[in-house]
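These notes concern the structure reproduced below.
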Amino acid sequence: MSGVTVWFTGLSASGKTTISLRVAELLRDAGVRVERLDGDIVRQGLTRDLGFSADDRRKNIERSSFVAKLLTRNGVVCLAAFISPFEELRDMARREVGEFLEIYVTAPLEVLVERDTKGLYRKALAGEIQNFTGVNDPFEVPKNPDLVLETDKHTVDECAQAVMGLLAERGYIARPAQESAPAQVAASRAETGDDLPAHGGHLVDRQLRGRALEDAVERAKSLPKVALDERAYWDLGLVGIGALSPLEGFMRRPDYETVVEAMRLTDGTLWPLPVTLAVGPEHASLSEGAEVALTDAQGRIVGVMRIHDRFTRDKRKEAQLVYGTTEEAHPGVAQLYAQGDTLLGGPIWLLDHPAAQGGGLALTPREVRSAFAERGWRTVVAFQTRNALHRAHEYMIKVALETLDGAILHPLVGATKSDDVPAEIRMRSYETLLSHYFPADRILLSGFPAAMRYAGPREAVFHAIARRNYGCTHFIVGRDHAGVGGYYGTYAAQELVSSLQDEIGIEVLRFENAFYCNACKGMATEKTCPHDPAERISLSGTKVRGMLQAGELPPGEFMRPEVAVVLADGYRNMVAD
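Each residue of the sequence shown is one higher than the one before, starting from 0 at the first, in numbering that gives the first Met the number 0.
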């Protein structure tokens, strides 16, 4: 799991140190690496040369923030307890650290006076001590803290549990054990590694909820806005819901370079495709440490991001290594060339995105895992498509179901090519197929909210890793998976994913091209059918789309008639609209 600095701010005797000590105990009991930076302890060593002037206070926070940043970058939960009375200094600490939660610890002045065993408040109130924060020196109450702890109303344990809840909600630690039974099973599988851990070991969760979401939405209104292109928009959603675990945001330069060149993150984790945020010259003023609001094509705020890196890339190099070509005729390369030259890297938080809404069109990885657990499925195959399903697809899924507990039909519902069947029409056709030709207790339908890159073998690995994060144990890879225009070998995707399946932790099911054979009077492949190719019914996707658009139904041997009717009606309604 990633590190974070939890910054406790508040007046003397408010309870910062006491709560941070209890939180540290809970984190250690949970096996989480944790360190404490307390104002009094720091002044005994790191900042012993500093006094309490405005300049020295700033230096105190600067040094403490630097140490907190180093701990955070190395995966430690750093609990920092400082009065830190000024908003400017706390914002400076936030910019320095990056992964940062601000907690305001407060109690009425009369309570603080009673708690003060040294009698400093009474002396300050009597005028015997000057420049005492909260009495005769100002304390700027945080405007948008991640959590407020009122220690006169809640016990130390209650406050500590609130902090633990915040850390779990933001995805820094595993979720509490008191969740519902299905959620416990899903979390156990995803986070504890008892059964099927996510890629990298931890199912990421970058969705904000409750008060944290409300505060972030309000704060985002005043942040600089960065518009996402289609690919970045869908990537944001996938990162936020954990489908791209262990990624927690858009890639920084070190990860970007090792992924492009070696299909690895800097820590050695397998990762096949760059997940980046490109911007143009209009964002030249954005610098490291800044927080930005991420918007969709309509200008709606869908996420926030803390910029940790800003760099340029060699687009032709990326095109050649990732897509295997620099030709602009390739749709993925064309999109790459159309993007800005500068990349912004850093962690994201998801605010409002269809990928995170769950239910309906697309379930989140946690929801899918819970669904598997509720059904008692231990072995589950995923089938991905961006096309309408025909008999060959149905055949492959059913063959897999003969030996596995269940299947998830996981069609891509993000951005695809303009001539692909629209997702809404496809989803209706999938529902029709499943209701007529599959047992309801053996298959689950959910959209995969991703954009196609058409990166062939590398994208097949990307899709397999995502299905691991959704809790699948098997993945069907057909011929030329994620390919386009003859750029990749027929079996290149199958070969690459199969060579990496042990590292991904998912078993690849490789299928030949399936077809209906008139002589066999059933579905078959080259491996099982001895008859002349003339007996085989096979139509290209272009041919089928043309027939449907013209109101013609493909032969029943190629596509189920109920499915063909739904697709033809969908096309007809599109023309009418």
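In this text, a Cβ means the ideal position worked out from N, Cα and C, and glycines have one as well. In this text, all values refer to a predicted model and were calculated from it rather than measured experimentally.
In its chain, beyond the 5 residues on either side, L285, S286, E287, G288, A289, E290, V291, L343, G344, G345 have a beta carbon closer than 8 Å to the beta carbon of I306. Distance from the CA of K58 to the CA of M163, rounded to the nearest whole angstrom, comes to 30 Å. Put simply, the segment 259–272 does not touch the segment 469–477. Fewer than three CB pairs are less than 8 Å apart. Cβ-Cβ distances below 6 Å link R252 to D308, F310 in the same chain, with the five nearest sequence neighbours on each side left out; the list follows chain order. A contact between stretches requires three or more CB pairs, one per stretch, nearer than 8 Å, and the segment 217–225 fails this requirement with the segment 434–453. Counting every other CB atom within 10 Å of its CB across the protein chains shown gives P107 a total below 16, marking it as exposed. The residues L547, Q548, in chain order, have a CB closer than 6 Å to that of Y570 in the same chain once the five nearest residues on each side in sequence are set aside.
Per DSSP, R509 is one residue of the beta strand (DSSP E) stretching across 506–509. Note: T4 is bridge-paired with C77, F99 in the DSSP secondary-structure output.
For C158, the three-state secondary structure derived from DSSP is helix. DSSP places P346 inside the beta strand (DSSP E), whose first and last residues are 341–349. Of all alpha-carbon atoms in S1, G248, V420, K224, the one lying nearest the alpha-carbon of D295 is that of K224. Our two residues, V104 and C158, have alpha carbons roughly 9 Å apart in a direct line.
With fewer than 16 neighbouring CB atoms inside 10 Å of its own CB, G550 falls in the exposed class. For the pair of segments examined, the segment 417–435 was found not to touch the segment 460–469: the number of CB pairs separated by less than 8 Å stays below three. Only residues of its own chain outside the window of five on either side were considered, and among them A197, H198, G199, G200, H201, V203, L264, T268 have a CB closer than 8 Å to the CB of P245, listed in chain order.
Following the DSSP letters along the chain, one finds E290 inside the beta strand (DSSP E) bounded by residues 290–294. The secondary-structure analysis by DSSP pairs A277 across a beta bridge with L342. Taking a C-beta distance under 7 Å as the contact criterion, R205 and W348 qualify as a contact pair. C516 has G521, R535 as its beta-bridge partners, per DSSP. One Cα belongs to W233, the other to G302, and the distance between them is close to 12 Å.
For the pair F510 and S537, the CB atoms are not nearer than the 7 Å cut-off. Residue state for G485 is assigned as coil, using DSSP reduced to three classes.
For the pair R230 and A450, the CB atoms are nearer than the 7 Å cut-off.
Following the DSSP letters along the chain, one finds L146 inside the beta strand (DSSP E) bounded by residues 146–149.
Contact check for L195 against G484 fails: the beta carbons are separated by 7 Å or more.
Rounded to whole angstroms, the Cβ separation of E168 and S1 is 14 Å, and the two are not in contact under 8 Å. Of all alpha-carbon atoms in P330, T472, S428, E366, the one lying nearest the alpha-carbon of A399 is that of T472. Annotation for L108: the continuous alpha helix (DSSP H) segment containing it runs 108–114.
Nearest neighbour of F85 by Cα position, chosen from C519, S63, R535, D136, turns out to be D136. Judged by DSSP secondary structure, R305 falls within the beta strand (DSSP E) whose first and last residues are 300–305. By the Cβ rule, the segment 403–417 counts as touching the segment 366–376, because three or more pairs are nearer than 8 Å. Its Cα nearest to that of N468, the residue G241 stands out among L495, L70, G241. In this structure L36 touches C77 by the C-beta definition: roughly 6 Å separates them, less than 8 Å. A direct Cα-Cα distance of roughly 7 Å separates D340 from A277. Burial is judged here by how many other beta carbons sit within 10 angstroms of a residue's own beta carbon; V75 has at least 16 and is buried.
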